[in-house]
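Trainee: First to last, the sequence lines map onto chains S and Y. At position 190 of the first sequence the residue is numbered 278 (this note's numbering), and the sequence of numbers has no breaks. At position 271 of the second sequence the residue is numbered 274 (this note's numbering), and the sequence of numbers has no breaks.
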Amino acid sequence: MSDSTHDLPPGSGLPIAPRGDRPLLTELDPRTKKRYAAERRFKALGLTAVCIGVLCLVVLVSSVLRQGLPAFTQTFIDVPVYLDPATLDPDGNRDPEQMKSVLTFGYQPLIAAGLERALDDRGLGEQVTADEVAGLISRGAAAQMRDYVLANPEKLGETIDFNFVANGRVDGYLKGRVTMESAALDSQISPEQLQLVDKLRDAGLIEKKFNWAFITGPDASGNRPEAAGMGVAIIGSAYMMLVVLVLALPIGVAASIYLEEFAPQNRFTDIIEVNISNLAAVPSIVFGILGLAIFINWAGLPQSAPIVGGLVLTLMTLPTIIISTRASLKSVPPSIRDGALGLGASKMQAVFHHVLPLAAPGILTGTIIGLAQALGETAPLMLIGMVAFVRDFPDAPPAGLFEPASALPVQVYNWTQRSDPAFVERASGAIIVLLIFLVLMNTVAIILRRRFERRW
Amino acid sequence: MSVTWLLLVILVLAAIGYVMGRRRAFADADGDVRKLHSLPFYYGANVALTSVIPALMLMFVWLIVQPMIIERSLVPQIPDATIEKAGALNLVMSDVNRIAHGLDEAVSQGTMTRDFARTLQTGETDVRARLAEVGVPLASDVDPEVLEVAQSFRAMNRTGSIAMTLAVLALAVGGFAYAYMKTNREFRARKYVEAVIKALLIMAAGIAILTTLGIVLSMLFETRHFFAQYPWYRFFFGTTWAPNFRGDSDLGIIPLLWGTAYVSVIALLVAVPIGLFAAIYLSEYAGPRVRSVAKPLIEILAGIPTIVYGLFALITVGPLLRDYFAQPLGLGDSANSVATAGIVMGIMLIPFVSSLSDDIINAVPQSLRDGSLGLGATKSETIRQVVFPAALPGIIGAILLAASRAIGETMIVVLGAGAAARMDLNPFEAMTTVTVKIVSQLTGDTDFASPETLVAFALGLTLFVITLGLNVIALVIVRKYREQYE
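(1) Roughly how many whole angstroms lie between the Cα atoms of E246 of chain S and L284 of chain S?
(2) What in chain S is Cβ-close to T309 of chain Y, meaning under 9 Å?
(3) Reducing DSSP to helix, strand and coil, say where K297 of chain S ends up.
(4) Roughly how many angstroms lie between the CA atoms of T161 of chain S and D290 of chain S, to the nearest whole one?
(5) For chain Y, find out if any of its Cβ atoms is closer than 8 Å to the Cβ of E185 of chain S; answer yes or no.
(6) Would you list, in chain order, the members of the region 67-97 of chain Y that have their beta-carbon closer than 9 Å to a beta-carbon of chain S?
(7) At the level of alpha carbons, what is the spacing between F156 of chain Y and M71 of chain Y?
(8) Quick one, are the C-beta atoms of Q232 of chain Y and G163 of chain Y less than 8 Å apart?
(9) Which residues in chain Y sit within 7 Å of Q232 of chain S, going by Cβ to Cβ distance?
(10) Going straight from the alpha carbon of S41 of chain Y to that of L52 of chain Y, what length do you get?
(11) Go through its chain and collect everything with a Cβ distance to L282 of chain S's Cβ below 7 Å, but skip five positions before and after it.
(12) What residues are listed by DSSP as bridge partners for Y170 of chain S?
(13) Could you check whether the Cβ of F252 of chain S sits closer than 8 Å to any Cβ belonging to chain Y?
(14) DSSP three-state label for L389 of chain S, please.
(15) Per DSSP, V554 of chain S is paired with what?
(16) With DSSP collapsed to three states, give me the class of R300 of chain Y.
(17) Any Cβ of chain Y within less than 8 Å of the Cβ of V512 of chain S?
(18) Tell me, please, whether the CB atom of T93 of chain S is closer than 8 Å to any CB atom in chain Y?
(19) Roughly how many whole angstroms lie between the Cα atoms of A18 of chain Y and Q369 of chain Y?
(20) Between which residues of its own chain and D179 of chain S is the CB-CB distance below 6 Å, once the five residues before and five after are set aside?
(21) Taking its Cβ as the centre, do 16 or more other Cβ atoms sit within 10 Å of S340 of chain Y, making it buried, or is it exposed?
(22) What residue from S:Q437, S:S325 and S:V169 has the CA that sits closest to A518 of chain S's CA?
(23) Could you work out which residue in Y:A433, Y:V99, Y:F238 and Y:A282 is closest to D336 of chain Y when comparing CA atoms only?
(24) What does DSSP give as the partner residue(s) for D253 of chain Y in the beta ladder?
(25) Give a yes or no on whether 8 Å exceeds the smallest Cβ distance from T470 of chain Y to chain S.
(26) Let me make sure I understand the geometry here. Which of Y:A48, Y:I165 and Y:G306 has the alpha-carbon closest to that of F525 of chain S?
(27) For I277 of chain S versus R257 of chain S, is the C-beta spacing smaller than 8 Å?
(28) Which full runs of the alpha helix (DSSP H) of 4+ residues lie inside the region 78-162 of chain Y, going along the chain?
(29) Would you check if there are 3 or more beta carbon pairs closer than 8 Å linking the region 342-350 of chain S to the region 431-445 of chain S?
(30) Apply the 10 Å Cβ neighbour rule to D219 of chain S and answer buried if 16 or more other Cβ atoms are within range, or exposed otherwise.
(31) DSSP on I307 of chain Y, reduced to helix/strand/coil?
(32) Give the DSSP-derived three-state secondary structure of I411 of chain S in the structure shown.
(33) So, with DSSP's three-state summary, where would you put I225 of chain S?
(34) Can you give me, in chain order, the residues of the region 336-351 of chain S that have a beta carbon less than 7 Å from any beta carbon in chain Y?
(35) What does K483 of chain Y touch in chain S if you count any residue whose Cβ is under 7 Å from its own?
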């Protein structure tokens, strides 16, 4: 406030009114009001930004949950099937080797007959053909039954209650994804079949229950969404995490120890440091190109193998682990080193016997966070052939590391590329599993940090 | 002997070496630790390391070099007619590899005897069917010439692996014996062990350099192949992208760069204001309680894998934008669009911008704020006129880092932006980016001789150079700015 404003007459429209006119402390002049309003607007903008950020998180998570949770339950149909010895064991000697000559086609009529009989018992199914009835059940049902019969040949001639997975369209109908209108346009299911499903549900033959096969089973082809599972993908991801842990942790810790404790200040050290910070920012897909060119084309490692994925993810994770390890080595006070050196330890002994154990919780935390990052990485894995359709479980490591497998995030991508909308639900379900793993890993990291990290 | 067994034998040797070296040192000191130069542990470790490390290094090098040498010496054996028939040399070589692998597999599964596999003739046995039995399918029937090459491949491999086993074992035993003989009470075992450990540490640190070299060299190498088949000026200045696997493709990068830039700009338009204001609010206004809740919540967004954002774009944001904006406004009816990918990517970048800006705003010295507030400025005036200008270089650095993230992001654009290479201004139109095209050119069946596949490496190199440039500029700015107040 300059002196000149004091002399102005009252009511002259200038922003600052003379003093005598109003109680200064209880009423604000217009300019101050404007400034305060600007202040409030600014603060509100900030608060809005924070709220938008949190809202995005909520919308993202709830959309995934809403889409994905139904994937964990699946529709099953109870069918009492008469295992007809005349069809299944034409030679009549109950020898599984010879019964193998009956292919799944031989089993299908039995299932259809069983379902028809079950419907007839309840007086429901006179106007439906066997083909239509069989269309309600997953195409994998015959194979499931054949495996059972080959394993238990003595059951021939009995009527066994099978619990078959229902067709994906039936499942979609009970979950509200398929409607009578969409079924009328669909070659795979008809409105009549859906009316039959309603009757079956009323008769208690159809039930929805938790579907373990979704988590443990292998992937299935594009026209059997009801049977698709992510077992192979989980195993593949686990193998890759194993490779990353075994390689990235020792290499990362060794590199950090060198850079933090031993490296002299010279060109070589500088180059390494610049390199590490640049590698941390290289787009992940570039690492995929590296994996394809070096590990597959040049070194001749097999495509879609967890070992290649693990190596690529190791290179990607190394900068994260090195940066966090260096931070936790740095946080160990120099007095610890000085104490050890003063008692006659060599530099190496001081580091390995004293500094490293004290830094271990921080290192572990960084490693887990790096692993969590690697677990969700998709793009580089697509380039090294992990998008391939893999149905067979890989063997136990080490041989299994070289066999084709899938990975959780790539499996999600794969499912989004299929035409049947039932796979969108599966993809969201797989994401829920992926997110659960990530939450678990991060929780462990936070607990480790809270419990063991020392502050000096 | 397989590699696994060889490794095991070497490790067992190392364990024995540890025990024996330690014992020898003890015996030489008459059981009195005080007479030893180093602690007993180091004598054992010295023997173990001397027997293991040279042997493992030899094995590693051998495993890399042997296939190269064998391949080189096999090439002259293949008649030109066979190569012409198969189309390319590397196709013949992969056939040779498969047949040799199949025969080994058949022997190990017991469907062939060793001698039978060695003397097999194409005229007498249906090699293809026999190999299919053991799970090695071949694309065509086996030529006698190829079979012959495969047989000599097997023979050379066998000799090679026997030679490797012998050499590696000899080196391991030799190292063992040398270190064991040298062990006595005067021997400075700790010095040697520590020198070896330090060398290992340096090698681990060098892996970062190797990775960068690997990235640059592998892409440079393949990019050179690409430019040998496709003129560089058509790649950098071409305005159409129309790959055609029968040849005669248009592979201009401009439409891809346009899509990449468009998506990134939208992403930054979303992320920068929200992230910046969130950072300002959290660091300048929020109390400790709000801060301790809101900050981690926003940072969770950074920990969510990009595939989740991709799916979010595909099934939630895309249809939403199409049904409520694009179709009512008559701007198109594609769920995949630049706007979809850009907005979702913007959400992904919010925590990135906010936590970097938060750090930078916090680094502005408190005295600047106190000075401004003391002169009567309101908090927002202080932030706008004092804190923000002081933090500006750092914030620009943060935005550049976010931009480099956006340019290199893959899954969101693969699932959200679409695959049509188009140069258009309409944000509700599907366009495509560099990363999407890298993925589509390199997944599935790829032929590493055609420009349609090799172009992915040129795209990758371009992407690498752009993001590296942005990062370097950003880091320089951030670093310079930090020094200003330290």
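Quick reminder that beta carbons are idealized off the backbone N, C-alpha and C, glycines included.
Mentor: Result, derived from the coordinates:
(1) Residue 246 of chain S sits at position 158 when you count from the first residue of the first sequence. Residue 284 of chain S sits at position 196 when you count from the first residue of the first sequence. One C-alpha to the other measures close to 27 Å.
(2) In the second sequence, counting from the first residue as 1, residue 309 of chain Y sits at position 306. Close to T309 of chain Y, with beta-carbon spacing below 9 Å, are these residues of chain S in chain order: S372, G464, E465, T466, A467 and P497.
(3) Locating residue 297 of chain S in the first sequence gives position 209, counting from the first residue. The answer is strand: DSSP assigns K297 of chain S an E or B state.
(4) The sequence position of residue 161 of chain S within the first sequence is 73, counting from 1. The sequence position of residue 290 of chain S within the first sequence is 202, counting from 1. Straight-line Cα distance between these residues: approximately 19 Å.
(5) Position 97 of the first sequence, counted from the first residue, corresponds to residue 185 of chain S. Judged by the 8 Å Cβ criterion, E185 of chain S is not in contact with chain Y.
(6) Within the region 67-97 of chain Y, the residues whose Cβ lies closer than 9 Å to some Cβ of chain S are I67 and P70, listed in chain order.
(7) Locating residue 156 of chain Y in the second sequence gives position 153, where the first residue counts as 1. Locating residue 71 of chain Y in the second sequence gives position 68, where the first residue counts as 1. Cα to Cα, the separation comes out at about 12 Å.
(8) Translated into the one-based positions of the second sequence, residue 232 of chain Y becomes position 229. Translated into the one-based positions of the second sequence, residue 163 of chain Y becomes position 160. Note that the C-beta distance between Q232 of chain Y and G163 of chain Y is not below 8 Å.
(9) Indexing the first sequence from 1 puts residue 232 of chain S at position 144. The contacting residues do not exist; Q232 of chain S stays about 24 Å from chain Y at best.
(10) Here residue 41 of chain Y is taken as the residue at index 38 of the second sequence, counted from 1. Here residue 52 of chain Y is taken as the residue at index 49 of the second sequence, counted from 1. Between the alpha carbons of S41 of chain Y and L52 of chain Y lies a distance of about 16 Å.
(11) Here residue 282 of chain S refers to the residue found at position 194 of the first sequence. Excluding residues up to 5 positions away in sequence, Y261, M268 and A271 lie with their Cβ nearer than 7 Å to the Cβ of L282 of chain S in the same chain.
(12) The residue given as residue 170 of chain S occupies position 82 in the first sequence. Y170 of chain S pairs with S:T247.
(13) As a working mapping, residue 252 of chain S is identified with position 164 in the first sequence. Chain Y contact via Cβ: absent.
(14) The count along the first sequence starts at 1 and reaches residue 389 of chain S at position 301. If DSSP states are grouped into helix, strand and coil, L389 of chain S belongs with coil.
(15) Nothing in the structure corresponds to residue 554 of chain S, since chain S is present only between 89 and 544.
(16) Working through the second sequence from its first residue, we reach residue 300 of chain Y at position 297. This sequence places Leu at residue 300 of chain Y; Arg is not what is there. Residue state for L300 of chain Y is assigned as helix, using DSSP reduced to three classes.
(17) Taking the first sequence and counting its residues from 1, the one referred to as residue 512 of chain S is at position 424. For V512 of chain S, the answer is yes, since a Cβ of chain Y falls inside 8 Å of its Cβ.
(18) Locating residue 93 of chain S in the first sequence gives position 5, counting from the first residue. Any reading at T93 of chain S is ruled out, since the residue's pLDDT is 44, under 50, leaving its predicted position unreliable.
(19) Numbered from its first residue, the second sequence carries residue 18 of chain Y at position 15. Numbered from its first residue, the second sequence carries residue 369 of chain Y at position 366. Going by the C-alpha atoms only, they are around 60 Å apart.
(20) Taking the first sequence and counting its residues from 1, one reaches residue 179 of chain S at position 91. Here the set comprises Q186.
(21) Translated into the one-based positions of the second sequence, residue 340 of chain Y becomes position 337. Around the beta carbon of S340 of chain Y, a 10 Å sphere encloses 16 or more other beta carbons of the protein chains shown; the residue is thus reported as buried.
(22) Along the first sequence, read from residue 1 onward, the residue named residue 518 of chain S stands at position 430. The shortest C-alpha to C-alpha distance from A518 of chain S to any of S:Q437, S:S325 and S:V169 is the one to S:S325.
(23) Position 333 of the second sequence, counted from the first residue, corresponds to residue 336 of chain Y. Ranking the options by Cα distance to D336 of chain Y, first place goes to Y:A433.
(24) As a first step, residue 253 of chain Y must be located in the second sequence, where it is residue number 250. Y:A245.
(25) Within the second sequence, the letter at position 467 stands for residue 470 of chain Y. By this cut-off, T470 of chain Y is an interface position.
(26) Counting from 1 along the first sequence, the entry for residue 525 of chain S is found at position 437. Of Y:A48, Y:I165 and Y:G306, the residue nearest in Cα terms is Y:G306.
(27) Walking along the first sequence from the start, residue 277 of chain S turns up at place 189. Walking along the first sequence from the start, residue 257 of chain S turns up at place 169. The answer is yes: Cβ separation under 8 Å.
(28) Listed in chain order, the complete alpha helix (DSSP H) runs (minimum 4 residues) inside the region 78-162 of chain Y are 83-89, 92-112, 117-122 and 130-136.
(29) Taking 8 Å as the limit for Cβ pairs, the verdict is that the region 431-445 of chain S does touch the region 342-350 of chain S.
(30) Here residue 219 of chain S refers to the residue found at position 131 of the first sequence. A residue is called buried when at least 16 other Cβ atoms come within 10 angstroms of its Cβ; D219 of chain S does not meet this threshold and is exposed.
(31) The count along the second sequence starts at 1 and reaches residue 307 of chain Y at position 304. In this structure, I307 of chain Y counts as coil in the three-state DSSP scheme.
(32) Position 323 of the first sequence, counted from the start, is the residue given in the question as residue 411 of chain S. Shown here, I411 of chain S sits in a helix according to DSSP, grouped into three states.
(33) Against the first sequence, residue 225 of chain S aligns to sequence position 137. Of the three classes helix, strand and coil, the one that applies to I225 of chain S here is strand, per DSSP.
(34) Hits within the stretch, in order: I339, A342, A343, I345, Y346, L347 and F350.
(35) Reading the second sequence from its first residue, position 480 is the one you call residue 483 of chain Y. What K483 of chain Y touches in chain S: nothing, since even the nearest Cβ is about 15 Å away.
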